[in-house]
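Read the structure below first, then the notes.
There are 2 protein chains.
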Amino acid sequence: MNREEIIVSVRMLLQNPDPDAFRRLVRECPPADIAEVLRDAAPQQVSALLLTLPSREQARLFVELLDAEQDAVLAATPSGPAATLIGDLPPDERADLYNRLSSDGRERLIPLLAQAEREDVLRLAAYPEGTAGSVTTSAYATVSAGMTVGDSLQELRTSAPDKETINVVYVIDGDGRLRGTIPLRELVLNRADTKVEELMQTDPVLVRSNDPDDKATEYIRRYNMLAVPVVDGDERMIGIVTVDDAMDIDREQDATQLARYGGTSAVGGPDLDLKDSSFLRIYGTRVFWLGLLTVFGLITSNFVAAQEDILAEVIILAAFLAPIIDMGGNTGSQSATLVLRSMALGQMQLRWRDIGFVIRRELGVALALGASIAVLEVVLTYFTKGDIGGEVLAIVGLSMLTCTVVGGVLGSLLPFLARKIGTDPATLSAPLITSIMDLVGVFIYFGFAYWFLADLIA
Amino acid sequence: MNREEIIVSVRMLLQNPDPDAFRRLVRECPPADIAEVLRDAAPQQVSALLLTLPSREQARLFVELLDAEQDAVLAATPSGPAATLIGDLPPDERADLYNRLSSDGRERLIPLLAQAEREDVLRLAAYPEGTAGSVTTSAYATVSAGMTVGDSLQELRTSAPDKETINVVYVIDGDGRLRGTIPLRELVLNRADTKVEELMQTDPVLVRSNDPDDKATEYIRRYNMLAVPVVDGDERMIGIVTVDDAMDIDREQDATQLARYGGTSAVGGPDLDLKDSSFLRIYGTRVFWLGLLTVFGLITSNFVAAQEDILAEVIILAAFLAPIIDMGGNTGSQSATLVLRSMALGQMQLRWRDIGFVIRRELGVALALGASIAVLEVVLTYFTKGDIGGEVLAIVGLSMLTCTVVGGVLGSLLPFLARKIGTDPATLSAPLITSIMDLVGVFIYFGFAYWFLADLIA
């Protein structure tokens, strides 16, 4: 069934519920596709449809809904079935959902859960957002160090249905500490009497529960892992972060970087989200940055205002103010982005060798760019506004050239500066680069203006 | 061994080669960590060190080097061992390496490969960059539809060492067509006499070899897959794209988006890369965008130049030009980024419902922002530059307010416009938004100026 057919089928089933037909659909089609169609349905309808499924199937479908949808569907579900569904959720999803409930909601839920699930959700939900612990699932496969391959496969057959993944098996000692890891592959390919200790990878890569979640992602990407084990402060294993969650963390990470670069970096707290953040939060974060840029811009405008004398003589200078200082910002934006990109791909770090490389490259390119743009600007100006004095053209051309070069080099150094002061380089946002170049640009511009036209003021 | 210890050990081994010690190190430590230290060594040293390892281990370490390093090390290796190494590479890495060789290099290599490897590399290397085929590996595990679980496990034991992953097993019919998929987990958990046909997932999610590579990534993320099968034009399976490669594609994708947003979108061809792209390519791409922005800016400056009369009367107006038109660009940058972020996270699409939502939200926030910033600017101006006329303050305040609102709303609509005309929304870059707002801003500014000061010119 392709996605169009799934969409049609699910819509029909929402209108005319048919439990058998729905169960068949769920068995054959990917849950993500079915969940997408349910997105547009009323929570009550979705809840009713879900409850026609066996509990395990409910959970598989439920986790594909967006957070807000999960909450709405749950609110439309009676307590008993809701608690059963929650009990069957993967531990990491369950902990996230728990954290989204109001304290009333949590108080009502906890008594309805089985003891094991209650302890599990309370433990996982306690990890702060942004830590590895907060994206950990406790549904992982374990064997003891003394087992053989045969024992292990037997153990897996018993416990596997509850495990998110058994592709990596974790070897635990009596104290719950991680001794090593074995890929399922190795258990399959070796003789039943082989000891697990001989096959396992000792000293495995792991993260601690209070490490940032992007450390887990970094390790998964760097070492091509399917999952990375997470240990607590006592070195006891509490769960794993799986590669699919790592991909989701990555995606949010990049969305954050984009937000920062565009000047909407939320100071403390999660990113601004168009749908989820309150008016006050969006306003507050944005007015902070715009206010900062305004104050910065005041320096620029006061400086320009102080040049009244020369402006009075050569009004036309005012016309070129914007394009020239803009060019510094545009070039700086380009070079900063190139450096940011290199850093994001791991090609560049905060070391003199890389900084030197960047400056050398940028100087050459910016000179060529500045010369080209300066010529373009002067030529276009001459032909569209004929009565322009030679000195003004010279001022415009030289300012363009200098602004481009200075802008380009400064822009390429800003990400390194950000790293040096310990901030995310993307926070040196496009608007900030532009504002800095504005100020630098007016100094350059009026510098040339006075040089060429000093006699006019004297 | 932690990373510092690995660094020290490898450095010592580079100075004083000790094949046994190196082999022990390679067995115990993640290849990615060892490769990182080799990064700073001369290609000849790395080559010599690699050749002390068994061929399979060489390949595992070799693939962790960056592309440029791989090429350098290969060039420093004699043909025989080089060909053996290449023969042992994972098929997707081998195809990439082949595509990086000069035509001379390829001619020298091909005769040295075994036939199976020769055919494989020629087939995979033929897929254009950016397609699913170009990131496909042909080392996947297959079984026939008629097999039992027991047969399958036997088959895997024989062929597994050459397979990149056996966590998903592909069920192929006599014509090489994909009939279904089975997770290794299912083979382990079921009885040996169960037929594979009963367990397999039919109608599996797959991509075609000429689909874009990010489609493979999208499916892997959406359906939480470990690998997605790739078929050719005849529906025959040619290989798989694995989740670790999907993470790398994602990472490059986001770097591309950042590059576009910063105004360095490469028109056709791969992204600009600070290290790899030639001077001419970097210059050419950047001068195209800067030139475009210059021409656009010319419209703005010509308009301002035409306002000579009013500027002559009220020089001070020139001082505020920059901060006011900047504010439109800054606000637009913010709102565009928020929309871009939502689109990237799949929360928003090109439909009236989402556009309406965005406009309603942005109008409110931008009004609040505009009012706040306008008050801030007027107050700061009054207190830092005392002798300002009331009309000028009114012009500045109202322009600030209007520019912010217009900028914010326009900025939030631009990503939708980009989607509508079929271009990547991030290409509506920060510099472009700024330039558009410059022009809009000067119209607004001088509009208010004439309104308040018309009598001065009359």
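So the protein sequences, as listed, match chains A and B.
Residue numbers for the first sequence follow full-length UniProt numbering, so the first one is 1 and each next one is one higher.
Residue numbers for the second sequence follow full-length UniProt numbering, so the first one is 1 and each next one is one higher.
Backbone N, C-alpha and C fix where the C-beta goes; we use that ideal spot for every residue, glycine too.
Computed from a predicted model, the values in this text were never measured in an experiment.
Item	Value
Identify the contact partners of Met327 of chain B in chain A, using a Cβ-Cβ distance below 9 Å as the criterion.	Leu290, Leu293, Thr294 and Gly297
Cβ atoms of Arg221 of chain B and Leu258 of chain A: under 8 Å apart, would you say?	no
Which residues in the same chain have their Cβ closer than 6 Å to the Cβ of Gly370 of chain B, if we skip the five residues on either side of it in sequence?	Leu401, Thr404 and Val405
What is the residue span of the alpha helix (DSSP H) that Arg118 of chain B lies within?	Gln115 to Ala125
With contact counted as at least three CB pairs below 8 Å, one residue from each stretch, are the region 11-20 of chain B and the region 355-368 of chain B in contact?	no
Taking the alpha carbon of Ala366 of chain A as the point to measure from, which residue in B:Thr285, B:Thr381 and B:Ser412 has its own alpha carbon closest?	B:Thr285
In terms of alpha-carbon separation, which member of B:Leu65, B:Ala368, B:Leu178 and B:Asp248 lies closest to Asp40 of chain B?	B:Leu65
Is it buried or exposed, Arg94 of chain B, if we count other Cβ atoms within 10 angstroms and call 16 or more buried?	buried
What does Ile240 of chain A pair with, by DSSP beta-bridge criteria?	A:Thr137 and A:Pro229
List the residues that DSSP assigns as beta-bridge partners of Gln257 of chain A.	DSSP output for Gln257 of chain A lists no bridge partner at all.
Verify the CB distance criterion: does Val135 of chain A have a CB-CB separation below 8 Å to chain B?	no
With three or more beta-carbon pairs closer than 8 Å as the criterion, would you say the region 36-52 of chain B touches the region 2-14 of chain B?	yes
So does the region 277-284 of chain B actually touch the region 293-301 of chain A, counting three or more Cβ pairs closer than 8 Å?	no
Can you tell me where the beta strand (DSSP E) with Tyr170 of chain B in it begins and where it stops?	Thr165 to Ile172
Checking contacts by CB at 8 Å: is Gln257 of chain B closer than that to chain A?	yes
For Gln115 of chain B and Lys195 of chain B, I'd like the C-alpha separation in whole angstroms.	34 Å
Tell me which residues share the same chain as Ser26 of chain A and place their Cβ nearer than 7 Å to its Cβ, disregarding the 5 neighbours each side in the sequence.	First, the residue type needs correcting, since residue 26 of chain A is Val and not Ser in the sequence shown. Only Ile34, Leu53, Glu57 and Leu61 meet the Cβ criterion.
Here's the rule: buried if 16 or more other CB atoms are within 10 angstroms of the residue's CB, otherwise exposed. What is Arg260 of chain A?	buried
Could you pull the DSSP bridge partners for Leu432 of chain A from this structure?	Paired residues: none, contrary to the question.
Which residues in chain D sit within 8 Å of Tyr261 of chain A, going by Cβ to Cβ distance?	The structure shown has no chain D; the protein chains it does contain are A and B.
Counting C-beta neighbours from all protein chains within 10 Å, is the total for Ala306 of chain B 16 or more, i.e. buried, or is it exposed?	exposed
From Ile359 of chain A to Val409 of chain A, what distance separates their C-alpha atoms?	6 Å
If you follow the alpha helix (DSSP H) that Arg39 of chain B is in, where does it begin and where does it stop?	Looking at the DSSP string, Arg39 of chain B is not in any alpha helix (DSSP H), and its letter there is neither H nor E.
Using only alpha-carbon positions, find the residue among A:Gln334, A:Ala255, A:Ile325 and A:Ala319 that is nearest to Phe288 of chain B.	A:Gln334
Figure out for me which residue from A:Leu189, A:Ser144 and A:Asp120 has the closest Cα to the Cα of Thr136 of chain A.	A:Asp120
Is any beta-carbon of chain A found at less than 8 Å from that of Val243 of chain B?	yes
Does the Cβ-Cβ distance between Met237 of chain B and Leu274 of chain B come in under 8 Å?	no
Distance cutoff 8 Å, beta carbons only. Does Arg56 of chain B sit that close to anything in chain A?	no
Closest to Asp88 of chain A by C-alpha separation, out of A:Arg108, A:Glu164 and A:Ala319, would be which residue?	A:Glu164
Using only the alpha-carbon positions, how far apart do Ala141 of chain B and Asp193 of chain B sit?	20 Å
I'd like to know whether the C-beta atoms of Leu272 of chain A and Leu338 of chain B end up nearer to each other than 8 Å.	yes
Below 8 Å on the Cβ atoms is my guess for Thr294 of chain B versus Asp250 of chain B; work out the distance and round it to an integer in Å.	In fact, because the Cβ distance is near 35 Å, the residues do not count as touching under 8 Å.
Locate the beta strand (DSSP E) running through Tyr181 of chain B, then write down its first and last residues.	Note on identity: in this sequence residue 181 of chain B is Thr, with Tyr being the wrong assignment. Segment Leu178 to Pro183, the beta strand (DSSP E) holding Thr181 of chain B.
Establish whether the CB of Gly150 of chain B and some CB of chain A are separated by less than 8 Å.	no
Give a yes or no on whether the minimum CB-CB distance between Ile359 of chain B and chain A is below 8 Å.	no
For Thr331 of chain A, would you say it is in contact with chain B, using Cβ-to-Cβ distances shorter than 8 Å as the test?	yes
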